[in-house]
Every structure is written in C-alpha cells, then in structure tokens.
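Protein sequences, first through last, are from chains Y and W.
Note that the first sequence covers residues 1 to 351 in the numbering used here.
Note that the second sequence covers residues 1001 to 1323 in the numbering used here.
C-beta atoms are modelled at their ideal positions from N, C-alpha and C, and glycine is treated no differently.
Predicted, not measured: the structure shown is a model, and the values here were computed from it.
Please read the structure below before turning to the comments.
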Amino acid sequence: MPWSRIKPDTNEPDFSNDVLLDNKAGRRIAYAEALNEALFQALSLDPRVFVMGQGVDDPSGMFGATRGLHLKFGADRVFDTPLAETALSGVAVGAALGGMRPVYFHNRPDFLLLAMDQLVNHAAKWHYMFGGAACVPLVFWACVGRGWGSAAQHSQALQGLFMHVPGLKLIMPATCFDAKGLMLSAIADKNPVLIIDHRMNFKQRGLVPEEPYTVPIGKGVIRRKGRDVTVVAISHLVAEAYAAAQELAEEGIEAEIIDPRTLRPLDEELILESVARTGRLVVTDTGWKTGGVTAEIGAMVAEKGFASLKAPIVRVCNPDLPTPSGYTLERAYYIGKDDIKAGIVKAVRGS
Amino acid sequence: MPLTTKARLQLFRTMLRIRRVQERIESEYMKDEMKTPVHLYIGQEAIASGVCSSLRDDDAINSNHRSHGHYLAKGGDLNAMMAELFCKSTGCSRGYGGSMHLVDVAHGNMGTSAIVGGGIPIATGQGLAFQMQKLDRVSAVFFGDGAADEGTLYESVNFAMLKQLPVVYVMENNGWAVCSPTATRHCGDNVFHKGAGDRLFTAKIDGNDPELVFDTAEKAVAHARSGQGPAFIECVTYRILGHAGCLQQDPKGYRDPAEIELWRERCPVCTYQRKLLELGVLSHSLLTELEAVISAEIDAAFEFARTSPLPTADVLHNHLFCE
C-alpha cells in the first residue's frame, strides 16, 4: 500500500478516558476526519482563521485532513502556497501579527527545516524579544512519513529539534479525540504551536464527539494503569506500547502507559508521579535517541525523580541513522511493539 | 507636484532628527553605557523619512538591524528607543530587545528582526492580513542590499505579486554588507528592474534625495493601497559609518577613503538643508531653532534612559508566552 493511500483500517485501543471524561457522545471516525472536522469548525467559528500550505486544496487534501475545506470556505481562506517554505512561514508570522490566525500545513517535518528561520528565529522569539509587545498566534502542522520507501528526506521525526526551542509549543497527538481537541486548542492559543502528526495515526479510527471541544496543551494522560513500570510513549507509539503492555500482562508485568500529548510544555508532574509509584521508566519515541525527546524526558526524571528509580531508565528509539528506503532495511530500522516489550522487560527484570 | 513648505520642513526635520540622534549615539558609544550592538543610519536618512512620510499611522513597517531611522520616522518614541539602547525596563522592548529589536505597536511597527531578510516575508504576511480583513492598510518593509542576497526576498515578492498584496518593498542599497561590496555579491542590477514587467511597480532612485524618495514612495503606496499589488523601490545610498558600532570601531582598509569622502559630499541631510535654504523654505534662524529643539529632546531622552530602572532578574522568565 503506497504511503499516500494509507486507509484507516484499525480501531485505536479503547482508551476510553478521552471521551468518557466529559461524558460526550463520540462517533467512531477516522483520524483524518477528526482533523478535518476541527479545521472545519475553527474556520466556521473564527473569521481570523485560515489554512495555507502546499496542496491543502488538492483532491487528497493533506492525507484527508484539509479535504474539501476550500470548497466550503473559498480560496481566500484555504489556499495552496508556492514551494517557498522559508518565506511562506514568515508570511504566516506576519499574518498573525496583522490580526489573523494562520494554520500552515507543512506536509512533512523534513520540509520544516526550510522554515526553521521563521519558526525558531522569529515566531518563537517574538513575544519575549519585544517584552510582550506582540503575540504570534499561529499553528504549523507537519506529518511524519513512514513506509513505501519514503527514505531519508520524507520520514524524519524531528520533534527533538523543535522541543529544544523555548517559545514554541509542541504537540504530538496519538488519538483521534486528541487530534481534534488539540488542533482546536492550538488554533485558540496566542502563541506559535507546532503539531507533529504521524502517518501511522492516519490508519486508525477512534471515538470523537461532533461538537467543538479543546484538549488542554501541556496535559498528558495515562492510557493504561500499571504498577510495575511507567512507559512514556510518543505519537503512534502509544498504540504500540499499549499493545506491548497488554501482552506483557499475561506474563505478569503491568505497565502504565503515559501519553504526554504535548512535548512542550511537558506534563512533568504526571510522569514523575507515575514513576514515583512504579520506580521504573521506559521512554519510547519515533525520533532519534541522541539529543532527542527520550533523552530529555529521561534526563528530567533522573534529575527530579532519581530517588524513585529502582532501575536504569530504558530508551526505545529508532537508530541514529537516516531512514533507509528499501523495505528490508526499513523493517530493520523502525521500532514497534516488540522493541517496546523488550524495553519494558529490561526495565523490570534487568535484561 | 512640488511639496508644500510645511511638508518640506517636516521631511527635513525628520531627517535632521534622525541624524542628530545617530551622531549622539555615535559620540557616546565608547562610554559603554549602551551595551547593545548599534547599527547607525547616518547617510541613509532620506529613505526612512521619505517613505514614512508617505504612510499613514495605521500602516505597518518592518525594519532590520539598522532600524533607528525607520522607528523614529514612523513615529516611534525617542525616550523609549534610547531607554532600550540603555537596556532599561522603560525601553520599547522593556530591555529584552536592544538596539536591533525595536517595536512600536501604536505606529504599526510590530517588531524588528535582525536576521537579514527575516522581516521581508513578515511584512508580506502583514499585507496578506490587511487584504484578508479588507483593511486599506499598507505594509512597507526596509531592507539592505545584503537582504537582497536572501531567497526570502524573491519568494516574498513572488507571493505578493501572486496575491496582489499591499506591500511596498524598499531596498536601501548602501553599497556594503558588513565589509563585502554589492558588486562582489550581485550579478549586476537586481532582477526586479528587468523581469517583473508591468505586474510589479518598480523604481530605482537616488536614495539621498528625500523629495524623490517621498514622491516615489507616495506613488508606490497609492498603487499598493488601491489593490494593484506590491511595489519595489531600490534606493541607492551609502553607509557613511561602519557596519556596527561607532566610527573608531570600523575596521580600516576594506573601503577606499575617497569613496567615503565622495558620499560625505552627497550627504542627504546637508544637501537638503542647502537646497531648502537656497529656496528660502528654511531660514537660518529657523534652522537654529530646529537644532535647539532637537538637541534638547535628545538630551532629555538620554537623561530619561540614564535614570530609568534596569530590569531585575525576577522578570527574566516573563513574556516567553503570550497568556
């Protein structure tokens, strides 16, 4: 199946703590539909919101996330952009300063590197650098690719780079419910927010209320309760970690799965509180190990929760290599349920 | 149409004020009270003054690291600027920005980037915002010939032409990017005078002639405001002082002293002063009075900056995010 035609074919694990928290009725819809609904509602509710990006108005509509929006809201509010990520990112910053609420779809994080100047040097600094005189409310969105030979320049999970930057909020959803609620929160936020999605999330269907709602930025959630080990999993690895934990339950290991949902600000309290109960930590991320998200979360726990730890922290990440293209190499490269299982066992049993 | 006497005097006053502020900063810089890298605007005053005179209060400007002239010409408060250079909490950016990051929201100066070429797309985006909100506001952006090396300029102008955005691009070609002359970086004339045809308002003018700058900018702004799309003006000028700091900090040997001397003779402030005196628009007594008023204002601004409080460590973590 080509990556451009990933179809939702799996129901996400029944985390239940999403929808039932607010007693809102949910329908089971696809991840892309949840995002699409969020954008549709944001565009309807706030005339300042607009959607831009290369291909947002094409028939596939950014993997379905932006499909049809231009037909409803017109080319003035949902428009294709030149292949000029550097300047168009600055255009988004300027539009935000001019009173609008841009949502800029960047397709892949790889292309965000062309937008780094505006994102890091400008958007992230604007409020601080002028002593609070001006705000830059904008949303950048990008989706990590995977599979079908996407290779080294179309599948990078670069959240570690962006997590490093003060002034940016960084969101990585894992469920359909959060995809919608966090998108609506990001659009409502007065600051630059980067949402990094993952193509594997687009395979799933989940329960999503129809009415608009927000999920708080900076709040993680426990996806599975467990007494033996805390597993902090990012993005689509939440589902992989959950599957690993279900299998390990049969072996008597009860893993607690934490989905931070937001990497910056990070819900440190939730993680530390969990580690205080379990005494063990596994961190798993779709990005690289060195200097990345697992390094930061691991260091945070070692710094602030060292006394709780009964065993060394285990990190489960893709190897520190560019992504290879061929499918045998790809299979060797990517981590998943089994790697996380091995990581959990190592944290609990020491080998 | 020739400018009125009032308009000419206003233009001259703006230029003279910028010049005197720059000179005072230059002469006091070695005292090390202004602990921020300054990029002085001496020699280029006609451009900020001419362009900003053609803008309304609610029009936006974007500037660059050499921003003092643009900030002042658009109406920025001198006290707040000097306090910012003195790193004080009464500065326009509360001491978080410094000389390269001036801001004046009340006059459409939403913040200054010191990344060369960084402000160009931001100004373009402000133009997009004005168009989307159906406001008849114009966004003007000042940048040097160094920024014309950057891809953001070409990407931005393309987008502004595509969307017919109300943006006026003002390139101040002062001959030098730090110590590199334009001739070693640009392959001849810039592309906008050749390729854009009638879809982009373009002009290449003497940037040291304030009335010519004003006249051209007024046409460009009217063009942009009326929905006809962006404009590009290249103003040929010269950076009399070094790239940064005061005169004695400028490294020697990269420019021919004769070149500097030639441009000193073309000083926009002195030339315009002479012209207005000859025309009888300006009298010697009025000039003396203007100088005295400006001097007193600068004295007061330096006093304000010196006596203002410094930000304390307890505010270090403020303002990272907008609440």
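If you compare alpha carbons, which of the options is closest to residue i?
i	options	result
W/Leu1135	Y/Glu247, Y/Arg264 and Y/Ala95	Y/Ala95
W/Gly1227	W/Glu1045, W/Arg1137, W/Arg1019 and W/Gln1044	W/Arg1137
W/Leu1310	W/Ile1042, W/Leu1072, W/Gly1075 and W/Phe1086	W/Phe1086
W/Ser1308	W/Pro1002, W/Arg1020, W/Ser1027 and W/Glu1033	W/Glu1033
W/Gln1273	W/Tyr1154, W/Phe1012 and W/Lys1006	W/Phe1012
Y/Met183	Y/Pro8, Y/Tyr31, Y/Lys346 and Y/His70	Y/Tyr31
Y/Gly343	Y/Phe140, Y/Gly61 and Y/Val231	Y/Val231
W/Leu1078	W/Leu1279, W/Ser1099 and W/Leu1241	W/Ser1099
Y/Arg101	W/Ala1129, W/Gly1117 and W/Leu1102	W/Ala1129
W/Val1221	W/Ser1053, W/Val1021 and W/Asp1250	W/Ser1053
W/Leu1144	W/Asp1299, W/Leu1287, W/Arg1266 and W/Asn1064	Position check: residue 1144 of chain W holds Gly in this sequence, whereas Leu was assumed. Residue W/Asn1064 is the option with its Cα nearest to W/Gly1144.
W/Val1170	W/Leu1162, W/Ala1123 and W/Leu1040	W/Ala1123
Y/Asp259	Y/Val282, Y/Ala276 and Y/Arg277	Y/Val282
Y/Tyr213	Y/Gly305, Y/Phe15, Y/Leu45 and Y/Ala142	Y/Leu45
Y/Gly218	Y/Leu248, Y/Glu269 and Y/Ser235	Y/Glu269
W/Gly1245	W/Pro1230, W/Glu1026, W/Val1021 and W/Gly1151	W/Glu1026
Within the 7 Å Cβ cut-off, does residue i reach chain W?
i	result
Y/His164	no
Y/Cys135	yes
Y/Met1	Any answer about Y/Met1 is weak, because its pLDDT of 46 lies below 50 and its placement is not dependable; what the coordinates show is given next. For Y/Met1, the answer is no, since every Cβ of chain W falls outside 7 Å of its Cβ.
Y/Ala84	yes
Y/Gly181	no
Y/Met52	no
Y/His127	yes
Y/His236	no
Y/Phe130	yes
Y/Asn191	yes
Y/Leu97	yes
Y/Gly94	yes
Y/Met300	no
Y/Val91	yes
Y/His122	yes
Between residue i and chain Y, is there a C-beta pair that is closer than 7 Å?
i	result
W/Met1081	no
W/Ser1285	no
W/Gly1125	yes
Please say whether residue j and residue i have beta carbons closer to each other than 7 Å?
i	j	result
Y/Val238	Y/Thr284	no
W/Arg1306	Y/Gly131	no
Y/Val78	Y/Val56	yes
W/Thr1202	W/Phe1159	no
Y/Pro192	Y/Val136	yes
W/Val1236	W/Ala1046	no
Y/Glu254	Y/Gly226	yes
Y/Val139	Y/His198	no
Y/Lys203	Y/Pro13	no
Y/Ala299	Y/Ala347	no
W/Val1178	W/Arg1019	no
W/Tyr1041	W/His1068	yes
Y/Ala34	Y/Ala179	yes
W/Arg1008	W/Ile1294	no
Count the other CB atoms, across all protein chains shown, that sit within 10 Å of the CB of residue i; report buried if there are 16 or more and exposed otherwise.
i	result
Y/Met1	Its pLDDT being 46, under 50, Y/Met1 is placed unreliably in this model, and the coordinates cannot settle the point.
W/Met1030	exposed
W/Val975	Shown here, chain W extends from 1001 to 1323; a query on residue 975 of chain W therefore has no answer.
Y/Pro59	exposed
W/Ser1285	exposed
W/Asp1209	buried
Y/Thr327	Inspection of the sequence shows that residue 327 of chain Y is occupied by Tyr rather than by Thr. The residue is exposed, with fewer than 16 neighbouring Cβ atoms inside 10 Å.
W/Gly1175	buried
W/Thr1014	buried
W/Glu1291	exposed
Taking DSSP as the reference, what is the three-state secondary structure of residue i?
i	result
W/Ser1139	strand
W/Pro1181	strand
Y/Lys169	strand
W/Trp1263	helix
Y/Pro47	coil
Y/Pro102	strand
W/Tyr1254	coil
Y/Asn318	strand
Y/Arg28	strand
Y/Thr290	coil
W/Gln1273	helix
Y/Met1	The pLDDT assigned to Y/Met1 is 46, lower than 50, so where the model puts this residue is not dependable, and the model offers no usable value.
W/Glu1028	helix
Y/Ile6	coil
Y/Thr86	helix
- Query: Using Cβ-Cβ distances below 8 Å, what residues of the segment 1304–1323 of chain W are close to chain A?
  - Reply: The structure shown has no chain A; the protein chains it does contain are Y and W.
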